[in-house]
Amino acid sequence: MRTEIVSLSSLAPGESGTVQGMHGLARNARQRLLEMGLMQGVRIRLVRRAPMGDPLEIHLKGYRLMLRDSEACSIFLERECTI
Amino acid sequence: MTPAMDLDPATRLVALVGNPNSGKTTLFNALTGLHHKVGNYPGVTVEKKEGRVSVDGRLAFTLLDLPGTYSLHAQSPDERVATDILLGRTTHTPPPHLVLCAVDATNLERNLYLVTQVVDRHLPLVVALTMSDLAKDQGVCIDARTLSRHLGCPVVPVVAQKGEGLEALRQAITSVSLTNGHRPPWCATDALHREWESVRDHLHRVSHVPLPLASHEAIELLSSPEALAERTDRHDPALASLLRASVEKLDYLGIDRQSAFVESRYTWIRAVLASAVSSPDHARARLTDRIDRIVTHRVWGFLIFLLVMATMFQSIFSWATIPMEWIGSAFEALSAFVTSMLPPGDLRELIVHGAIAGVAGVVTFLPQIVFLFFFLGLLEDSGYMARAAFIMDKLMSKVGLHGKSFIPLLGSFACAIPGIMATRTIDNPKDRLATILVAPLMSCSARLPVYSLLIGAFIPGTLLLGVFSVQGITLLSLYLFGMVMALLMAWAFKKTFLRGAPPLFIMELPAYRLPSLRTVLYQVWERSLAFLKTAGTIILGVSILLWALTAYPKVSEDAPRSAQLEQSYAGRAGKAIEPLIRPLGFDWKIGIGLISSLLQREAFVSAMATIYNVRGPESTGDGRTVYDAMRDDRDPSTGMPTFSVLTAVSLMIYYVLAMQCLSTVAVVRRETNSWRWPAVQIGYMTALAYGITLLVYQGGSLLGWGG
Ligand SMILES: Nc1nc2c(ncn2[C@@H]2O[C@H](COP(=O)(O)OP(=O)(O)OP(=O)(O)O)[C@@H](O)[C@H]2O)c(=O)[nH]1
Ligand SMILES: [Mg+2]
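Residue numbers (the numbering used here), protein chains in the order written: chain A, 1494 to 1576; chain B, 348 to 1054.
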């Protein structure tokens, strides 16, 4: 299994990855995302994008969360390749 | 150890906290027998609500239902309501004696995060595992005993709607000890723990912050040292240097202070869950996913949204007519009865044409209100609201707001007051203000009678494509028009005096649930009651006043009614403002209607009923309806009809945009804490209403649509 580091916003719907870190987010945004469970080592699946491309729906820790592309760009994960 | 419940029952305070949408209010309602609003989306409850709970037939404690929050680190006004009470930061509510934490059993890991923070507060704690029926259906097995041992507090599985586990919960609350002395169960890494302890001890010893609160504040200070600037002890040089040294040390060690505290809690939670919970590892086949694939589809998503709205307005027009006729004829019979009982004269006139006609005019529209609230209730309790926020967020971002603002706006279809309250879920104060300012542009249920009357009288009932009536489409267009104007105005505000950085938008998408009919019907019931109450008080008062103003001064006994009306006080007032409203296509009779609806929009309908001297929109004794009367009314000097279709449309547009609601003004004043914003709101809405109506009427007349 090959892996690579990408931002959450570059995942395709249905793809998953493991969070490696967040960079360049405002302090409050980062705090809230951490508290919602988006922290290092957590597995995230991009479920779908909204009809106009933004926001994104993600699946983590057994629940669904929507967030915008602007935040998703700052979240980096190790993509799971299924090839 | 003393049992917590040795206190006087009247002063025992139990705070109900938990994540948003975890079932707190459902539990609160089940325990107290009250009926506060529940709905399947985060952010239904935005203020604290009190209720009393009895155990074994005796008053045992007061329960506080609070808005949901994900952590004690509040970011929006509704979360602050909950965290201020938990942290003892409010002056008007004493700190609770016990905390009841609602934990969603289908989402344990994230829900327990808040629990670890509450445990740190060293308050007696009871955990209610809500949604345990859903967890069971999903094959999740929770060992409440093990969980309870780790958390150091009772854990009671409940299904609030079915009453399961409530007795055990009540017993747990009344018997839990007041002084549980368990230490924080989670443990930060060594270095972090040391620095945290030293800051905490300083806060406790020097700044005299009670220990549990000091724990919380030490974490806040270490994760964001900027917070020191907002504290009262910011001038304590010892604290500042202690904090600086700690921060430097941790940064030197390469510890991410912000995430380290959060992560240590989650690490602890995962360890606990590993021993207390077993869940099937195969991915569940989710109905929610299948529904969402359609509802949030790039093409179907918007079509479905429109279809849902169209069905709603269609049903308002078609299905509601039959019960409306019943109500109409009931009032009919009532006024016929009064007419036969009383001798002719002013008293009879007052009762029949003032009170009964005015109230009937409004009450007849009750069935439409019932349908509106029924549909909104279904949307709210199914989980669709969060999806509406999801598909509309991009659009909202174009005007500088985000999807969360869409929920208060949709809620304003019912009434702007709960809509404005719901803006408390928006973290950014400028976004919240922009949403408050535009919320009354969304057509509320009080406008429905006005629209209905005008549409019923002047818009043909023909069908388009065999299904959609032109009347239904007109109504839908009015609602959409209000929505578009709200978005445009929000954009204008966000571009000018409410300019700010793009807001953070994070929102949970709950799983769909079958709406509970009981919940929805109860909402409908409460709302209808409120509507009838307005009709029985304000509308009744306005109608009687209006009747008097149209009946006096008396011209002469045999003067025609139109002459009497023209010479009356109301007629003179209408005439006085006529020059102002003539450019909008309104004559003095409509002027009377506008004046009567200054404080309450629906009053327009009763004003029309009184002016046209009929008892309700449905048939009167001589078979004429208020619709006919309005259609046939002509200006005696010119012979032109008072209402053309263009006048009716202009009038409806005026009602979409005008701020004619005293209660909304009061709520905006309360929520923004100043008279400035209600003033701005009244000013811009009045200007907008006048300007656009002028444009539509004059433009329409030029195009020759005025005839
Ligand atoms: N199946 C099931 N549904 C529940 C249970 N408790 C609550 N619900 C549903 O969950 C949804 C949310 O319930 P609320 O009581 O409004 O949740 P809340 O925690 O008060 O939400 P906020 O006020 O938004 O923070 C509603 O649709 C309820 O009908 C439960 O035990 N079982
Ligand atoms: Mg609630």
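Every residue, glycine too, gets a C-beta built ideally from N, C-alpha and C.
Report the option in the options whose CA atom is closest to the CA atom of residue i.
i                : options                                    : result
Leu476 (chain B) : B:Asp603, B:Lys396, B:Val624               : B:Val624
Phe649 (chain B) : A:Arg1557, A:Pro1544, A:Leu1570, A:Lys1554 : A:Pro1544
Val709 (chain B) : B:Leu381, B:Leu1035, B:Phe678, B:Tyr1002   : B:Phe678
Met789 (chain B) : B:Glu573, B:Cys762, B:Met768               : B:Cys762
Ala954 (chain B) : B:Ala895, B:Pro988, B:Arg929               : B:Ala895
Leu780 (chain B) : B:Leu1050, B:Val1015, B:Pro414             : B:Val1015
Val402 (chain B) : B:Ala733, B:His700, B:Leu410               : B:Leu410
Leaving aside the five residues before and after residue i along the sequence, list all residues of the same chain whose C-beta is less than 8 Å from its C-beta, in chain order.
i                 : result
Tyr959 (chain B)  : Val973, Ala976, Met977, Asp980
Gln464 (chain B)  : Ser418, Leu419, His563, Arg612
Ala910 (chain B)  : Val902
Ile1498 (chain A) : Gln1513, Phe1569, Leu1570, Glu1571, Arg1572
Cys534 (chain B)  : His540, Ser611, Trp615
Asp355 (chain B)  : none
Asp728 (chain B)  : Val385, Gly386, Asn387, Arg860, Pro862, Ser863, Thr866, Val867
Roughly how many angstroms separate the alpha carbons of residue i and residue j, rounded to a whole number?
i                 : j                 : result
Ile773 (chain B)  : Arg1523 (chain A) : 17 Å
Val996 (chain B)  : Val797 (chain B)  : 11 Å
Glu511 (chain B)  : Gln518 (chain B)  : 13 Å
Phe933 (chain B)  : Ser687 (chain B)  : 37 Å
Ala736 (chain B)  : Ile767 (chain B)  : 16 Å
Ile1039 (chain B) : Tyr1031 (chain B) : 12 Å
Ser1563 (chain A) : Gln715 (chain B)  : 42 Å
Asp412 (chain B)  : Gly390 (chain B)  : 13 Å
Ile820 (chain B)  : Leu827 (chain B)  : 10 Å
Val706 (chain B)  : Thr668 (chain B)  : 18 Å
Leu1553 (chain A) : His582 (chain B)  : 42 Å
Gln508 (chain B)  : Gln870 (chain B)  : 16 Å
Val746 (chain B)  : Ser759 (chain B)  : 18 Å
Val1142 (chain B) : Gly365 (chain B)  : With chain B represented from 348 up to 1054, any question about residue 1142 (chain B) goes unanswered, as that position is not in the structure.
Tyr460 (chain B)  : Asp740 (chain B)  : 28 Å
Run down chain B in chain order and give the residues with a C-beta less than 9 Å from the C-beta of residue i.
i                 : result
Glu1564 (chain A) : Leu851, Phe852, Ile853
Glu1550 (chain A) : Asp639, Thr643, Phe737, Leu856
Leu1560 (chain A) : Leu851, Phe852, Ile853, Met854
For residue i, which residues from the same chain have a beta carbon less than 6 Å from its beta carbon, with the 5 sequence-adjacent residues on both sides left out?
i                : result
Ala482 (chain B) : Ala452, Thr453
Asp778 (chain B) : Leu748, Pro850
Gln914 (chain B) : Val902
Leu494 (chain B) : Val502, Ala623
Ala858 (chain B) : Thr635
Leu689 (chain B) : Arg695
Tyr916 (chain B) : Leu896
Met659 (chain B) : Phe722
Val619 (chain B) : His497
Ala837 (chain B) : Val746, Leu748, Ala781, Val785
So which residues of chain A does residue i contact, with C-beta pairs closer than 9 Å?
i                : result
Asn454 (chain B) : Lys1554, Gly1555, Tyr1556
His420 (chain B) : Asn1521, Gln1524, Arg1525, Glu1528
Tyr417 (chain B) : Arg1525, Glu1528, Met1529
Ser369 (chain B) : Those do not exist, as Ser369 (chain B) stays about 11 Å from chain A at its closest Cβ, beyond 9 Å.
Phe753 (chain B) : Near Phe753 (chain B) there are no residues of chain A at all, since even the closest Cβ is about 12 Å away, more than 9 Å.
Tyr460 (chain B) : Glu1528, Met1529, Gly1530
Run through chain B and tell me which residues come within less than 8 Å of residue i, C-beta to C-beta.
i                 : result
Gly1546 (chain A) : Lys741
Arg1536 (chain A) : Near Arg1536 (chain A) there are no residues of chain B at all, since even the closest Cβ is about 12 Å away, more than 8 Å.
Arg1572 (chain A) : The contacting residues do not exist; Arg1572 (chain A) stays about 19 Å from chain B at best.
Tell me which same chain residues have a C-beta within less than 7 Å of the C-beta of residue i, skipping the five on either side of it?
i                : result
Leu550 (chain B) : Val556, Ala561, Glu564, Ala565
Leu825 (chain B) : Ser790, Tyr798, Met999, Val1003
Ala950 (chain B) : Ile886, Val889, Ser943, Ser944
Phe652 (chain B) : Ala735, Ile738
Given that residue i touches chain A, what residues does it touch there, using C-beta distances under 7 Å?
i                : result
Ile738 (chain B) : Ala1543, Pro1544
Val609 (chain B) : Leu1527, Glu1528, Met1532
Arg457 (chain B) : Met1529, Gly1530, Lys1554, Tyr1556
Ser571 (chain B) : Arg1520
Ser479 (chain B) : Near Ser479 (chain B) there are no residues of chain A at all, since even the closest Cβ is about 15 Å away, more than 7 Å.
Applying a beta-carbon distance threshold of less than 7 Å, which residues of chain B neighbour residue i?
i                 : result
Leu1504 (chain A) : Chain B residues near Leu1504 (chain A): none, gap ~17 Å exceeds 7 Å.
Could you list which residues in chain A have their beta carbon closer than 8 Å to that of residue i, in chain order?
i                : result
Tyr613 (chain B) : Gly1530, Met1532
Quiz prompt | Completely contained beta strand (DSSP E) runs for the segment 810 to 865 of chain B, where each covers 3 or more residues | solution = 853 to 855
Quiz prompt | Continuous alpha helix (DSSP H) assignments of at least 4 residues falling wholly in the segment 628 to 694 of chain B | solution = 634 to 642, 647 to 665, 668 to 688
Self-check item: Whole beta strand (DSSP E) elements within the segment 741 to 787 of chain B, 3-residue minimum
Solution: none
Quiz item: Taking the runs of the alpha helix (DSSP H) that are 4 residues or longer, which of them lie wholly in the segment 360 to 393 of chain B?
Solution: 371 to 379
Quiz item: Which ranges does the alpha helix (DSSP H) cover as unbroken runs of at least 4 residues, wholly within the segment 397 to 479 of chain B, from first to last along the chain?
Solution: 424 to 433, 455 to 467
Quiz prompt | alpha helix (DSSP H) runs wholly inside the segment 550 to 596 of chain B, at least 4 long, in chain order | solution = 558 to 570
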